[in-house]
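Q: Quick note, the sequences are listed as chains A and B, same order.
Per the working numbering: the first sequence = residues -2 to 298.
Per the working numbering: the second sequence = residues 3 to 201.
Ideal placement from N, C-alpha and C gives every residue a C-beta, glycine not left out.
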Amino acid sequence: MSDTVSRRTVMKGAGATLGAAAFAHAMAPLTEWSKDLSVGEFLQKHYKELTRDEMGRILVHLKEETKRKYGRDVDIRDLPPQEGVSFGYALNLSVCIGCRKCSEACHQENNHDRRTGNSYIRVLEMQQGSLDLEHGNANYDHPVPAEGKYYLPVQCHQCDNAPCVKVCPVQATWKEADGVVVVDYNWCIGCRYCEAACPYHARRFNWAKPEIPAEEINPDQGYLSNRIRPQGVVEKCTFCLHRTRAGRLPACLEACPTGARVFGNLLDPKSPIRWVLENKRVFVLKEELGTRPRFFYFFDK
Amino acid sequence: MMRPALAALLLAVVGCGKDQPARFQPPPGAPTGRETLLQPAKLTSVESDRKDALGRPLRVSCESCHSLRETKPMPSRPEELKEFHQGLQFRHGELACTSCHQAEAPRTLHLATGEPLPMTEVVTLCAQCHGPQYRDFKAGAHGGMTGYWDLSRGDRTRNNCVSCHDPHTPKYAGGHPVMPPRDPSAHGEPGTKESRDHE
């Protein structure tokens, strides 16, 4: 009985061989991805499901990767939202002169690609008396402020009813407890639906691996904010959460030479942001879309 | 007798820890940070025509000259100045030098009531005429700042009036913007060739 090979055994063997071949074929893309993508990274869970230990290991890996790819020792942290804090931002259009110092500070703080000169902030040169964003010009290069113009810096409005969050097919972008809309760059599949959905053109796509000289890299980094983004993912302003969740002011506010920017905790009645909302005539962009931004604009008069 | 008490204490401590939301940082404690007002160099010095290695104008302390000789009484118009200060631009309404400076002691200021005021108290001086700006400044909504929005975690430095405004020509000068428009061949910006290739 032991010498006879039953039909059943042959079929089992053939099935196993076919199954193994099919499995190998199905897994073939993995062998190609392994150059850029480690198995650990491929199997990484969604940000919201990660334990502290798992995040710790990912951060170690990301630091090593930055050292390998960019030649710089950096500190990447994962600062959680502060309890009792809900961020708000306001901008005084009466004093903004369009010098783009905020864009430059954003570019440097957030480790943007040097070749494309990327920044999360676009400063639009606007016709006085008009709020037509379609006619705002972001490519001006003459002394500012120019006659008859005013300047409208636009960045992510961290909408409470965010279209970008709704359209993400894999939930790689979401709103945090302190109001900041974030992207898990390790989870993003680069479909750019969010970029298309944003009515403020506040999201950017990494067409190529960002180029940054090692000495220009900002080593103070956050997992959800300014760590150097991989190619093929979408990124956005996070109100500098690696700074603001540690209590510091955003980089664009500190860089503003005219003091046009006001930042703070909306839940604190004594904060400057609350004073602006209660005492100035405040408006938001494209209010009719119902996005409910937490980025506000105001004029002095 | 002691053991159950110890166990209860341990339980209480461990249990307490579990009630804390793990994802949140500890709530801010009592404020430890301070808000300081920037004291720009221009309150105690003036620009010379020399530049330092970084191309910034070298500043000369007021005391360099004024400790060596008596200050002359202040003229009413800046055009009447004969030395050093004569290049001063002056576009600040119809004010005379002596509207703000003390005639006999030009390195100090005086309030509208005549009461003397040290140069470093310039915010108080400006506030006399610029009420709305001073109101906004006090509320943290006028003038830039650096440091911490959350004073329980660190200090903050507020700009002084003269950090941004030249008191003699207070209108903000403006200038050429930084971050010039990117090369149209660089990718990323909508409407450029490279981004169209990808679409």
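Where does the unbroken alpha helix (DSSP H) through A:Lys163 begin, and where does it stop?
A: First-last of the alpha helix (DSSP H) with A:Lys163: Pro160 to Val164.
Q: Counting only Cβ-Cβ distances shorter than 9 Å, please list the residues of the region 126 to 139 of chain A near chain B, keeping chain order.
A: Of all residues in the region 126 to 139 of chain A, Ala135, Asn136, Tyr137, Asp138 and His139 have a Cβ within less than 9 Å of some Cβ in chain B.
Q: Using a Cβ-Cβ cutoff of 7 Å, what residues of the region 82 to 114 of chain A are near chain B? List them in chain order.
A: So the close ones are Ile94, Gly95, Cys96, Arg97, Lys98, Ser100, Glu101, His104, Arg112, Thr113 and Gly114.
Q: How far does the alpha helix (DSSP H) with A:Ile118 in it reach, from first residue to last?
A: First-last for A:Ile118: undefined, no H or E at that position.
Q: Would you kindly check if the distance between the Cβ of B:Val62 and the Cβ of B:Ser78 is under 7 Å?
A: Contact flag unset, no.
Q: May I ask you to verify whether the region 192 to 207 of chain A touches the region 109 to 118 of chain A, counting CB pairs closer than 8 Å and requiring at least 3?
A: Verdict: yes, contact present.
Q: Taking C-beta to C-beta, are A:Cys93 and A:Ala194 nearer than 7 Å?
A: Result no, Cβ atoms of A:Cys93 and A:Ala194 do not sit closer than 7 Å.
Q: Assign B:Leu111 to one of three DSSP states: helix, strand, or coil.
A: Looking at B:Leu111 - three-state DSSP - the assignment turns out to be strand.
Q: Is there at least one Cβ from chain B nearer than 7 Å to A:Phe260's Cβ?
A: A:Phe260 counts as touching chain B.
Q: Any Cβ of chain B within less than 7 Å of the Cβ of A:Cys346?
A: Absent from the structure is residue 346 of chain A, since the part of chain A shown begins at -2 and ends at 298.
Q: Does the region 224 to 232 of chain A come into contact with the region 142 to 154 of chain A, if we say contact requires no fewer than three beta-carbon pairs (one atom in each stretch) closer than 8 Å?
A: As far as the Cβ criterion goes, the region 224 to 232 of chain A does not touch the region 142 to 154 of chain A, which means the pair count is below three.
Q: Examine chain A for any beta-carbon lying closer than 7 Å to the beta-carbon of B:Pro182, and answer yes or no.
A: Interface residue, yes.
Q: With H, G and I counted as helix, E and B as strand and the rest as coil, what does DSSP make of A:Gly22?
A: Going by the sequence as given, residue 22 of chain A is His instead of Gly. In the structure shown, A:His22 sits in a helix (DSSP, three-state: H, G or I).
Q: Do we get a CB-CB distance below 7 Å when we pair B:Tyr150 with the residues of chain A?
A: It does: the Cβ of B:Tyr150 has a partner Cβ on chain A nearer than 7 Å.
Q: Is any beta-carbon of chain A found at less than 7 Å from that of B:Pro80?
A: No, B:Pro80 does not count as interfacial toward chain A.
Q: With distance defined between alpha-carbon atoms, name the residue in A:Ala205, A:Val259 and A:Lys42 nearest to A:Asn183.
A: For the residues A:Ala205, A:Val259 and A:Lys42, the minimum Cα distance to A:Asn183 belongs to A:Lys42.
Q: Go ahead and pull the three-state DSSP assignment for B:Pro80.
A: Looking at B:Pro80 - three-state DSSP - the assignment turns out to be helix.
Q: How would you list, in chain order, the residues of chain A whose beta-carbon sits under 8 Å from the beta-carbon of B:Cys166?
A: By Cβ distance, chain A contributes Pro254, Thr255 and Gly256.
Q: Considering only the alpha carbon of each residue, which of B:Ala107, B:Glu106, B:Ser101 and B:Thr122 lies closest to B:Leu113?
A: When only C-alpha atoms are compared, the closest one is B:Ser101.
Q: B:Gly176 and A:Val141 - do their beta-carbons sit closer together than 7 Å?
A: Their beta carbons are under 7 Å apart, which means A:Val141 touches B:Gly176 by this criterion.
Q: In whole angstroms, give me the CA-to-CA distance for A:Glu251 and A:Asn215.
A: The alpha-carbon atoms of A:Glu251 and A:Asn215 are separated by roughly 16 Å.
Q: Secondary structure at B:Thr159, three-state DSSP: helix, strand or coil?
A: If DSSP states are grouped into helix, strand and coil, B:Thr159 belongs with the strands.
Q: May I have the straight-line CA-CA distance separating B:Ala143 from A:Ile270, to the nearest angstrom?
A: Cα to Cα, the separation comes out at about 8 Å.
Q: May I ask you to list, following chain order, the residues of the region 128 to 141 of chain B that have a beta carbon less than 7 Å from some beta carbon of chain A?
A: Hits within the stretch, in order: Ala141.
Q: Give me, in chain order, the residues of the same chain whose beta-carbon lies closer than 8 Å to that of B:Lys53; leave out the 5 immediate sequence neighbours on both sides.
A: Hits under 8 Å: Pro59 and Leu60.
Q: How about A:Leu59: is its C-beta nearer than 7 Å to some C-beta of chain B?
A: By this cut-off, A:Leu59 is not an interface position.
Q: Could you check if A:Asp175 is buried or exposed, using at least 16 other CB atoms within 10 Å of its CB as the buried criterion?
A: Label assigned to A:Asp175: buried.
Q: Closest Cβ-Cβ distance between A:Arg289 and chain B: below 7 Å?
A: Answer no: the Cβ-Cβ gap between A:Arg289 and chain B never drops below 7 Å.
Q: Span of the alpha helix (DSSP H) holding A:Asn276?
A: Start and end: Pro269 to Asn276.
Q: Can you list, in chain order, the residues of the region 106 to 130 of chain B whose Cβ is nearer than 8 Å to any Cβ on chain A?
A: Against chain A - using a Cβ distance shorter than 8 Å - the region 106 to 130 of chain B contributes no residues.
Q: Say whether chain B places a C-beta atom closer than 7 Å to the C-beta of A:Val141.
A: Taking Cβ atoms only, chain B reaches closer than 7 Å to A:Val141, which makes this a yes.
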